[in-house]
Amino acid sequence: MKAQADKHRTERSFAIGDSVFLKLQPYLQSSVAPRANHKLAFKYYGPFKIISRVGEVAYHLDLPVTSRVHPVFHVSLLKRVLAPDCQVRSQLPPPDAHLQVPEQVLQQWVVRRGNDSVVQVLIRWSDSTEDMATWEDKETLKQLFPRAPAWGQAVSKGGGVVSDQVPPGEPVTREAAVQVPARPRRKPQRPARLAGPEW
1 MKAQADKHRT ERSFAIGDSV FLKLQPYLQS SVAPRANHKL AFKYYGPFKI
51 ISRVGEVAYH LDLPVTSRVH PVFHVSLLKR VLAPDCQVRS QLPPPDAHLQ
101 VPEQVLQQWV VRRGNDSVVQ VLIRWSDSTE DMATWEDKET LKQLFPRAPA
151 WGQAVSKGGG VVSDQVPPGE PVTREAAVQV PARPRRKPQR PARLAGPEW
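Numbering (the UniProt record's numbering), first residue to last: 1 to 199.
Put into structure tokens, the structure is as follows:
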């Protein structure tokens, strides 16, 4: 039982002066960060500074003066703040910011969806590498990005995730890409108790 319970547990320890995010109980501990709609409240609040360590598994946090919550929390309710060199954007980019567009078609294949066949393409996006390429529906991308530099190119002749066995310009189907040998068909036999002379 203990081994099953410990699978999802992690060892956490913080130093005095570290900044942590705090997980609060929705609907109950709302004085730290009041919200008009509790259903849409954040999961973690903060960051808050650790003032002291209380025992082995609890920490005293520097909460705002207006909060009516006890400032000592179990380590399972705390989450480490990212390192200072990690930049997190607090706002969405402006609408006129540079967006990624399809730069190059690396590979394509046909996928069955119900009774329809849909062509999917492996797209390398602008300002990204081939490792970050994604599979997208070709027609949807052509509608969203009609003047993208990716259209008008054949399948890339480079290595990497591109199949070398397909001639340029031909779509790769899943049936051609994955050729699994079929199982031999069995000869149907009637059950022996039904095939006896008394029947």
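Cβ atoms here follow ideal geometry from the backbone N, Cα and C, with glycine treated the same way.
Item                                                                                                    : Value
Buried versus exposed call for K157 [16 or more other C-beta atoms within 10 Å across all chains shown] : Note on K157: pLDDT 45, under 50, position unreliable in the model; the coordinate value appears next. By the neighbour-count rule (16 or more Cβ atoms within 10 Å), K157 is not buried but exposed.
Element boundaries [beta strand (DSSP E), containing Q120]                                              : D116 to W125
Proximity to R113 [Cα-Cα], best of P191, L122 and D137                                                  : D137
Assigned exposure category for W109 - 16 Cβ within 10 Å defines buried                                  : buried
Alpha-carbon to alpha-carbon, D127 and E139                                                             : 22 Å
Nearest candidate by alpha-carbon position, reference V20, set F48, P26, R9 and E11                     : F48
Anticipated Cβ contact below 8 Å, I50 with F14, distance rounded                                        : 5 Å
L194 - DSSP class collapsed to helix/strand/coil                                                        : coil
Nearest-angstrom Cβ-Cβ length linking residue 251 and Y59, presumed shorter than 8 Å                    : Past the edges of the chain, shown from 1 to 199, lies residue 251, and the structure says nothing about it.
Assumed close pair L141, I123 - CB separation to whole angstroms, cut-off 8 Å                           : 7 Å
Exposure of A150, with buried meaning 16 or more beta-carbon neighbours within 10 Å                     : buried
C-alpha distance - W135 paired with R9, whole-angstrom precision                                        : 35 Å
8 Å CB neighbourhood of M132 in its chain, flanking five on each side removed                           : R124 and W125
Three-way DSSP call (helix, strand, coil) for L24 in this model                                         : coil
Supposed contact pair V111 and V105 - C-beta distance, whole angstroms, cut 8 Å                         : Contact flag wrong, Cβ pair sits at about 15 Å.
Nearest candidate by alpha-carbon position, reference L78, set D18, P26 and Q100                        : D18
Rounded C-alpha distance that separates P184 from L194                                                  : 26 Å
Nearest candidate by alpha-carbon position, reference A41, set P188, K23 and P102                       : K23
Cross-strand partners of L77 (DSSP beta bridge)                                                         : Per DSSP, none; premise fails for L77.
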